[in-house]
Amino acid sequence: MKLLKEHLIIEDKMINTYKELAAKIPYQVIKDLILAFVRNEEKHHRFSFKTGQLYMNAYNLPALCSTW
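So in the working numbering, the last one in the sequence shown is 136, and the numbering has no gaps at all.
Right, dumping it as C-alpha cells:
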C-alpha cells in the first residue's frame, strides 16, 4: 500500500503542475490539451484511490487518507 500512497501523492503533484502550466500558456489549443491531461489524471486518481480503498477494506487494513 506504500506504493499506492506514493503514487497518489505523485499524481496529486502532476495535477497541480498541469494546472499551473495551463494558467501560464497563452495558446488556447495547448491550454485545452493540458486541461484534458488534468481531467484524465483526476479520473485516474479517483480510480486508483477507490481501488485502494476496496483492497484495504477487503483485508481489514487502515484506510487511505480521505483527502485523496
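We put the CB at the ideal spot given by N, CA and C, even for glycine.
For residue 125, which residues in the same chain have their Cβ closer than 7 Å to its Cβ, ignoring the five residues on either side in sequence?
none
Three-state secondary structure (DSSP) of residue 131
coil
Leaving out the 5 sequence neighbours to the left and right, which residues in its chain are closer than 6 Å to residue 82 when beta-carbon positions are compared?
109
Spatially closest choice to residue 89 from 101, 78 and 79, by CA coordinates:
Comparing Cα-Cα distances from residue 89 to each of 101, 78 and 79, the minimum goes to 101.
Does DSSP put residue 69 in a helix, in a strand, or in coil?
coil
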